[in-house]
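Step one of this worksheet: look at the structure below.
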Amino acid sequence: MADSTYRIPRGRKTSGASVRTIPAAEFKARCLELMDHVSETGVEYVVTKHRRPVAKLVRCATPKSTPVFGAMKGTVLKYERPFDPIDDDWDVNRG
56 MADSTYRIPR
66 GRKTSGASVR
76 TIPAAEFKAR
86 CLELMDHVSE
96 TGVEYVVTKH
106 RRPVAKLVRC
116 ATPKSTPVFG
126 AMKGTVLKYE
136 RPFDPIDDDW
146 DVNRG
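Going by this note's numbering, the first residue of the sequence shown is number 56, and it counts up by one from there.
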């Protein structure tokens, strides 16, 4: 939808300024529109059946992605002489 023709979904405001209640039948008919509105504005909707809250539609927090390259930076121990043999016995060397 174009921004100029986008209409804010109806719904009764609850005590919080950004939380609205909406009946389940209306939610069912306008689900995709409401999800777009929540994504853009952060408004939360409480879905009700017979005036009892049954579900809540909120914006999903996107986790920060960790870059693949450089993700292990600073996790390797420092070795003074990395090419020297290890003093421990390896499993293959054991009798």
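Yeah, the Cβ is synthetic: ideal placement off N, Cα and C, and Gly gets one too.
Counted as a single uninterrupted DSSP element, the stretch harbouring residue 132 is not any alpha helix (DSSP H), since DSSP gives it neither H nor E.
When C-alpha distances from residue 76 are compared across 96, 88, 107 and 91, the shortest belongs to 107. When DSSP states are grouped into helix, strand and coil, residue 96 belongs to the helix group.
Under the 10 Å beta carbon count, residue 92 is surrounded by 16 or more other beta carbons and is classified as buried. For the pair residue 97 and residue 74, the Cα-to-Cα distance works out to about 9 angstroms.
Shown here, residue 114 sits in coil according to DSSP, grouped into three states, outside any helix or strand. Note that the C-beta distance between residue 99 and residue 112 is below 8 angstroms. Remark: C-beta atoms of residue 102 and residue 79 approach each other more closely than 8 angstroms.
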